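In the working numbering, the protein residues as written are -2 to 500. Think of the CB as a built atom: it goes at the ideal place given N, C-alpha and C, for glycine as much as any other residue. Please read these numbers as outputs of a predicted model, since none were measured by experiment. Structure first, then comments.
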Amino acid sequence: MNKPLRKVSIFCLVLVAALMLRANWVQVVKAADYADNPNNNRRVYESYSHPRGDFLVDGKPITGSEDSDSKKYEYVRTYLNGPMYAPVTGFKSQFYGSSFLESVDDSILTGDDDRLFVRRVIDTITGKDRRGGNVALTINGKAQEAAYNSLVSQNKTGAVAAIDPATGKILTLVSTPSFDPGKLSTNDKKVQDQTWKALEQDPAKPSENRAIRTTYAPGSTFKLITAAAALSSGQYANPDAPTNFQSPSRYPNSNKELIDQAGPGKCAGATLKVALEYSCNTVFAGIGTQLGDDAVKKQAEAFGFNDFGKYNYQSPTGVDTKNNMEIPTRVSASLFPSNKDGAATMRASIGQQDVQATPLQMASVVATIANNGKMMQPYLVDSLKSQNMDTIEQTSPKQISEAVSPTVAGQLQDMMQGVVTEGTCKTAQIPGVKVGGKTGTAQRGVNNKDNPYAWFVSYGEVDGKKVAVAVVIEDSNADRDDISGCGSAAPTAVAVMKAVLGK
């Protein structure tokens, strides 16, 4: 071979090697980057080329996939009772992405998860059409329907969260007003655009998941935590022993007084049990001052406040969130910040000041009390299933901590039952069911000018089966006292407890 020909040959070999190297770089090393590039629509089109897997409630699908006339988006996502389940499923849109579990469990629902590879191969060999896997939820269908219908029938803005105390399973997750995710899955982009714009501009914020993403001042429901701190401290070991707090009581270095809606006759020197039954502000504010801000904060953190390693997501600047637990969708943090003076501690001890909690957080507090002090990790996905419904992953209950001792939990249970049998919410009684509850209202607006949030948190038990519920109503028109929590929020909680317990 002469020298010029040899040079040409070597140059061609270099070109072929470079071409092979580039092809392998593009197809292997950079394949994932190109596939995930937001400008690459081929992967999006591929995900709509076969039926998407379903979310299952009580073993039955609440979603579906329908054939369409589009060549790009061959299947359209459909939702059964979409607005009722929107805070759980979220939406799946060709043009606006996805949210909540539709986003978190996308690889299972599309069938791309590596654990579904064998099933994909079998379906290909047997000639079956490809489809995604399924996600079995912990939601109790009857309880979800009861909660949603209760709020909608009263035209209420609010949220409901219910938990199985023994396992941490989330049985209900409702937020109203809601939206129809089906209008964000249609192939008609104009309809999607109009729907998205309407959701963005609606002052009622129907796309907001109030059950897990919105935090509220918990008001008097927080007195459960202050009571737990008191009982755990040993200073108030006997909940039937009188206290020495005056009603009304004056804030430190101030002429302003803290009053009790139940009046001095019920609250002056009241026992811890009576104070919870009639929601005596002065007693719990006094206890918070006496125990100290750090003690109340420590007890709140034992129930999950400020602990971003449990199941909270959002956090203040500077807080390490690398170990966050999710449910598996993100949950906003519930906060009990430190208070710099006695007046702030008094207000924080009755759930005001800067205390913030999600409905899921307060449901978890009650679930922990009902579970004899053991705090279970809340979770929303019971199992992941293949296309033929084989279980590929099962969620196991997990204890996070022991927030209070079994003795203190038992005392709190008795006190909560007193709220329903003797105190501020007798209408929450359910025949044949042991019910414990706590009413609450939370001031809002400058100088408390806006209607307060109405809360009711409770647990129900029959034959060893339990459920814990938290309900918050934003637009309560009731009087500004703790009884409004009973009038506005308790009926929804009762409906959920009946549905879960079969009453």
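Close Cβ partners of residue i (< 7 Å) along its chain, the five nearest in sequence each way excluded
{"i": "residue 479", "result": "For residue 479, the predicted structure reports a pLDDT of 46, less than 50, and the residue's modelled location is therefore unreliable. A value from the coordinates is still provided. Closer than 7 Å at Cβ, skipping near neighbours: 217, 258, 276, 421, 436, 437 and 438."}
{"i": "residue 255", "result": "245, 246, 248, 278, 279, 282 and 343"}
{"i": "residue 294", "result": "333 and 335"}
{"i": "residue 223", "result": "281, 284, 285, 293 and 346"}
{"i": "residue 243", "result": "265 and 279"}
{"i": "residue 296", "result": "222, 225, 226 and 229"}
{"i": "residue 117", "result": "108 and 127"}
{"i": "residue 79", "result": "177, 178 and 179"}
{"i": "residue 90", "result": "181, 182 and 189"}
Rounded straight-line distance, which links the Cα of residue j to that of residue i
{"i": "residue 62", "j": "residue 157", "result": "29 Å"}
{"i": "residue 209", "j": "residue 454", "result": "15 Å"}
{"i": "residue 221", "j": "residue 167", "result": "21 Å"}
{"i": "residue 373", "j": "residue 398", "result": "7 Å"}
{"i": "residue 304", "j": "residue 331", "result": "8 Å"}
{"i": "residue 13", "j": "residue 7", "result": "10 Å"}
{"i": "residue 329", "j": "residue 206", "result": "10 Å"}
{"i": "residue 350", "j": "residue 111", "result": "49 Å"}
{"i": "residue 273", "j": "residue 416", "result": "7 Å"}
{"i": "residue 215", "j": "residue 43", "result": "46 Å"}
{"i": "residue 265", "j": "residue 359", "result": "28 Å"}
{"i": "residue 129", "j": "residue 195", "result": "31 Å"}
{"i": "residue 152", "j": "residue 472", "result": "9 Å"}
{"i": "residue 501", "j": "residue 260", "result": "Residue 501 falls outside the range modelled here, since the chain spans only -2 to 500, and no answer is possible."}
{"i": "residue 83", "j": "residue 409", "result": "34 Å"}
{"i": "residue 197", "j": "residue 75", "result": "22 Å"}
{"i": "residue 147", "j": "residue 379", "result": "26 Å"}
{"i": "residue 387", "j": "residue 58", "result": "15 Å"}
{"i": "residue 155", "j": "residue 77", "result": "22 Å"}
{"i": "residue 413", "j": "residue 426", "result": "12 Å"}
{"i": "residue 231", "j": "residue 212", "result": "31 Å"}
{"i": "residue 85", "j": "residue 235", "result": "42 Å"}
{"i": "residue 371", "j": "residue 45", "result": "44 Å"}
{"i": "residue 125", "j": "residue 10", "result": "45 Å"}
{"i": "residue 376", "j": "residue 149", "result": "25 Å"}
{"i": "residue 0", "j": "residue 15", "result": "22 Å"}
For residue i: DSSP bridge partner residues
{"i": "residue 396", "result": "373"}
{"i": "residue 381", "result": "132 and 390"}
{"i": "residue 450", "result": "439"}
{"i": "residue 353", "result": "332"}
{"i": "residue 513", "result": "Any property of residue 513 remains undetermined from this structure, which presents the chain solely from -2 to 500."}
{"i": "residue 54", "result": "57"}
{"i": "residue 348", "result": "BP columns for residue 348 are empty, so no partner."}
{"i": "residue 246", "result": "255"}
{"i": "residue 501", "result": "Lying before the first or after the last residue shown, residue 501 is absent from the chain, which here runs from -2 to 500."}
{"i": "residue 431", "result": "458"}
{"i": "residue 470", "result": "155 and 451"}
{"i": "residue 213", "result": "354"}
For residue i, the first and last residue of its enclosing beta strand (DSSP E)
{"i": "residue 75", "result": "72 to 76"}
{"i": "residue 63", "result": "60 to 64"}
{"i": "residue 172", "result": "167 to 173"}
Residue i, buried or exposed, once every other Cβ within 10 Å from all chains shown has been counted against 16
{"i": "residue 52", "result": "buried"}
{"i": "residue 49", "result": "buried"}
{"i": "residue 199", "result": "exposed"}
{"i": "residue 356", "result": "buried"}
{"i": "residue 253", "result": "exposed"}
{"i": "residue 483", "result": "buried"}
{"i": "residue 364", "result": "buried"}
{"i": "residue 518", "result": "This structure does not reach residue 518, given that the chain is present from -2 up to 500, and the question cannot be answered."}
{"i": "residue 115", "result": "exposed"}
Range of the contiguous alpha helix (DSSP H) that encloses residue i
{"i": "residue 414", "result": "403 to 418"}
{"i": "residue 365", "result": "356 to 367"}
{"i": "residue 281", "result": "278 to 288"}
{"i": "residue 489", "result": "487 to 498"}
{"i": "residue 483", "result": "Neither: residue 483 is in no alpha helix (DSSP H) and is coded neither H nor E."}
{"i": "residue 187", "result": "186 to 198"}
{"i": "residue 142", "result": "138 to 150"}
{"i": "residue 229", "result": "220 to 230"}
{"i": "residue 264", "result": "261 to 264"}
{"i": "residue 107", "result": "103 to 107"}
{"i": "residue 274", "result": "269 to 274"}
8 Å Cβ shell around residue i - same chain, five flanking residues per side excluded
{"i": "residue 65", "result": "71, 72, 73 and 184"}
{"i": "residue 81", "result": "141, 142, 145, 171 and 175"}
{"i": "residue 298", "result": "304 and 333"}
{"i": "residue 87", "result": "95, 96, 97, 98, 99, 100, 178 and 326"}
Same chain, Cβ closer than 6 Å to residue i, five either side skipped, listed in chain order
{"i": "residue 345", "result": "336 and 352"}
{"i": "residue 174", "result": "201 and 203"}
{"i": "residue 369", "result": "403 and 406"}
{"i": "residue 339", "result": "249 and 286"}
{"i": "residue 55", "result": "138"}
{"i": "residue 465", "result": "160, 162, 360, 363, 364, 367 and 456"}
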